[in-house]
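K.L.:
Have a look at this one before I ask anything.
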Amino acid sequence: MGDNGDAKLAQLSYPYGVAADSSGNLYIADLTNSQIRRVEAEPNVK
């Protein structure tokens with residue numbers, strides 16, 4: 001379940017790791033929610 005909105009308004013419960021791809025998107029491991037969150041270069045959180 002992503003926020004599907006502005007990255008500045010997104011909430012992460014326990015961010016643990018981060019990675020980036022060649023398009024400038026960030027991927028954040030949200031441990032407590034058992035999710036990988038994507039912050040798009042635009043920026044939106046999915």
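Sequential numbering of the sequence shown, starting at 1, is according to UniProt numbering.
Idealized CB from N, CA, C, for every residue including glycine.
1) Looking at the unbroken beta strand (DSSP E) that takes in Y16, where does it start and where does it end?
2) For A29, list the residues DSSP reports as bridge partners.
3) Using 8 Å as the limit for Cβ to Cβ distance, is I36 near chain B?
4) Under a Cβ-count criterion, where at least 16 other Cβ atoms within 10 Å of its own Cβ denotes burial, should Y14 be classed as buried or exposed?
5) What does a CB cutoff of less than 8 Å around I36 pick up in its chain, not counting 5 residues either side in sequence?
P.N.:
Checking against the coordinates, here is how it stands:
1) P15 to A20
2) G17 and I36
3) As a matter of chain content, chain B is missing from the structure shown, which is built from one protein chain.
4) exposed
5) Y27, I28, A29 and D30
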